[in-house]
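Student:
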Amino acid sequence: MRQKKVAVTGGLGFIGSHLVEELSRENQVLIIDDESSGHVENIEHLSLDNISLDRGDINDADLVDLFQEVDYVFHHAALASVPLSVENPLLCNEVNVTGTLKVLDAARQTGVKKVVLASTSAVYGDNHNLPLSEKEPVNPKSPYAVSKAAGELYCRIFSEVYGLPTVALRYFNVFGPRQDPNSQYAAVIPKFIESILIGKQPVIYGDGEQTRDFIYVKEVVEANIKSAESDLTGVFNIASGQRHTVNELFQIITQLMGEELEPVHADPRPGEIKHSLADVELSKSLGFHPKTNFKDNLGETVRFFVEDHKLKA
Ligand SMILES: NC(=O)c1ccc[n+]([C@@H]2O[C@H](COP(=O)([O-])OP(=O)(O)OC[C@H]3O[C@@H](n4cnc5c(N)ncnc54)[C@H](O)[C@@H]3O)[C@@H](O)[C@H]2O)c1
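Take the sequence shown: its letter number 227 is residue 249 in my numbering, and every next letter is one higher.
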């Protein structure tokens with residue numbers, strides 16, 4: 023993508039900041055972010071020539087004004103945590119459902135060429151029919167998953183009723199540099215790395231034989247750009263199509279970090295699904311072909327956290 027004007031909601035967050043990094047090389051990027059879980063430090067390393075930042079809530083912003091001349095909207099702003107959505111379902115609905123509706127409505131009014139919504143594999147719930155294809159029923163198990171399923175449906179309706187092209191991308195487990203290791207609900211990869219860096223034994227919930235389909239954040243960026251440029255609309259899994267156990271993950275990370283540590287085992291977390299794996303055939307129609315260099319990508323992620331740890335020490 024070149025010489026376009028694009029908006030990235032949630033552009034100060036983990037995934038959003040990687041999108042901004044790539045898009046701002048050759049496009050004008052507007053970030054809309056209220057800094058509720060994202061940080062301006064996530065884009066500090068970038069040249070700000072092509073980037074403008076609207077600090078604020080998507081629900082309060084004048085999106086019709088902000089989207090003037092915008093070609094593509096990458097909608098990543100969200101309350102992005104299952105446990106937080108369980109604690110505060112109304113806030114989750116406000117940000118993820120009303121916020122998405124406002125983004126779509128402003129995009130429709132301003133003639134945006136396409137909206138790409140960050141959705142989630144959580145919409146499948148606990149489905150054992152692996153690998154999960156997009157044809158499987160939606161079966162949310164949390165307010166977060168409901169809110170993303172609603173966002174997907176609004177995307178579809180805005181395509182069908184108003185002719186606004188939309189794509190909803192169901193991300194599986196995304197990982198990479200800048201993923202927050204410190205929140206109570208942090209994802210497993212940054213949590214393992216951070217624990218090892220501070221000399222604490224990482225915690226594995228359950229027997230560690232649960233599997234996940236991990237996708238590197240830079241590949242998620244590529245999928246977003248391919249989706250915006252594609253003529254296709256609809257819902258697509260974004261994943262690697264491969265799964266790894268948490269025990270395997272632990273072993274690779276300790277090896278990469280040159281540590282010989284034993285994990286601490288804790289009770290399985292309530293409601294956690296045992297296995298997850300995506301069918302990635304449909305996403306290939308977007309021109310997106312997930313690569314299989316999991317170890318290299320983990321290596322890059324470990325290097326980022328090690329450097330970051332040194333800088334902060
Ligand atoms: N990380 C994953 O593995 C994963 C998996 C599936 C789906 N997703 C989705 O991808 C998107 C990005 O996730 P992430 O992991 O980068 O999370 P993140 O929390 O790092 O990013 C979300 C960003 O949105 C901003 N934001 C939140 N509410 C806002 C509001 N009301 N107005 C403006 N900005 C707001 C936050 O400040 C943050 O910068 C989310 O929509 C999330 O649901 C992520």
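All C-beta atoms, glycine included, are put in the ideal place defined by N, C-alpha and C. Because the structure is a prediction, the values reported are computed rather than measured.
Does DSSP put H61 in a helix, a strand or coil?
Tutor: Note: H61 maps to coil in three-state DSSP.
Student: Which partner residues does Y146 have in the DSSP bridge list?
Tutor: Looking at the DSSP assignment, Y146 forms no beta bridge with any residue, so it has no partner.
Student: Go ahead and pull the three-state DSSP assignment for Y184.
Tutor: Y184: helix per DSSP, three-state reduction.
Student: May I ask whether a heavy atom of ligand 1 can be found less than 6 Å away from the beta carbon of T122?
Tutor: No, since every heavy atom of ligand 1 falls outside the 6 Å radius drawn around the Cβ of T122.
Student: Measure the beta-carbon distance from Y207 to T142 and round it to whole angstroms, keeping in mind my assumption that it falls under 8 Å.
Tutor: Between T142 and Y207 the Cβ distance is about 14 Å, and since that is not below 8 Å, they are no contact.
Student: Where Q218 and A140 are concerned, what is the direct C-alpha to C-alpha distance, given to the nearest angstrom?
Tutor: The sequence shown places Ile at residue 218, rather than the Gln named in the question. In a straight line, the C-alpha of I218 is about 30 Å away from that of A140.
Student: Under a Cβ-count criterion, where at least 16 other Cβ atoms within 10 Å of its own Cβ denotes burial, should V243 be classed as buried or exposed?
Tutor: The residue is buried, with at least 16 neighbouring Cβ atoms inside 10 Å.
Student: Enumerate, from N- to C-terminal direction, the unbroken beta strand (DSSP E) stretches of 3 or more residues contained entirely within the segment 51–109.
Tutor: Within the segment 51–109, the complete beta strand (DSSP E) runs of at least 3 residues are 73–77, 94–97.
Student: So if DSSP puts L139 in a beta bridge, which residue, or which two residues, is it bridged to?
Tutor: L139 is bridged to H97, A190.
Student: Straight-line CA distance for N246 to S39?
Tutor: Cα-Cα distance, rounded: 13 Å.
Student: Go ahead and pull the three-state DSSP assignment for L175.
Tutor: Correct three-state label for L175: helix.
Student: What number of angstroms, rounded off, separates the C-alpha of G228 from the C-alpha of A288?
Tutor: Their backbone Cα atoms lie some 6 Å apart in a straight line.
Student: Does the separation of the CB atoms of V108 and S164 fall below 7 Å?
Tutor: In this structure, S164 lies closer than 7 Å to V108 by Cβ.
Student: Taking a contact to mean a Cβ-Cβ separation below 7 Å, would you say E158 touches N149 in this structure?
Tutor: Against a cut-off of 7 Å, the Cβ pair of N149 and E158 comes out as a contact.
Student: In this structure, how does DSSP classify K306 when only helix, strand and coil are distinguished?
Tutor: Note: K306 maps to helix in three-state DSSP.
Student: Between which two residues does the alpha helix (DSSP H) carrying V242 extend?
Tutor: Taken as a continuous stretch (DSSP letters only), the alpha helix (DSSP H) holding V242 covers 239–251.
Student: With DSSP collapsed to three states, give me the class of Y166.
Tutor: In the structure shown, Y166 sits in a helix (DSSP, three-state: H, G or I).
Student: Do the segment 308–320 and the segment 258–268 meet, that is, are 3 or more Cβ pairs less than 8 Å apart?
Tutor: The segment 308–320 vs the segment 258–268: in contact.
Student: The beta strand (DSSP E) spanning I260 covers which residue range?
Tutor: That run of the beta strand (DSSP E) goes 256–260.
Student: Going by alpha carbons, who is nearest to S4 out of S58, I274, K135?
Tutor: The structure shown does not extend to residue 4, since the chain is modelled only from 23 to 335, so the question has no answer here.
Student: Buried or exposed: I53, going by 16 or more other Cβ atoms within 10 Å of its Cβ?
Tutor: Answer is buried; the Cβ neighbour count reaches 16.
Student: Tell me which same chain residues have a C-beta within less than 6 Å of the C-beta of G60, skipping the five on either side of it?
Tutor: Result list for G60: L34, G35, in chain order.
Student: Have a look at V104, K27, V95 and flag the residue whose alpha-carbon is nearest the alpha-carbon of N72.
Tutor: Comparing Cα-Cα distances from N72 to each of V104, K27, V95, the minimum goes to K27.
Student: Going by DSSP in three states, N118 sits in which element: helix, strand or coil?
Tutor: The answer is helix: DSSP assigns N118 an H, G or I state.
Student: Using the C-alpha atoms, what's the distance from Y94 back to R47?
Tutor: Rounded to the nearest angstrom, the two C-alpha atoms are 16 Å apart.
Student: Compute the distance between the beta-carbons of L299 and P153, then report whether it is under 7 Å.
Tutor: Yes. Within cutoff.
Student: Please confirm whether any heavy atom of ligand 1 lies closer than 6 Å to the CB of E303.
Tutor: Flag unset: Cβ of E303 not near ligand 1.
Student: Just the C-alpha distance for I275 and R291, rounded to the nearest angstrom, thanks.
Tutor: About 22 Å.
Student: For Q201, is the classification buried or exposed, using 16 other Cβ atoms within 10 angstroms of its Cβ as the cut-off for buried?
Tutor: By the neighbour-count rule (16 or more Cβ atoms within 10 Å), Q201 is buried.
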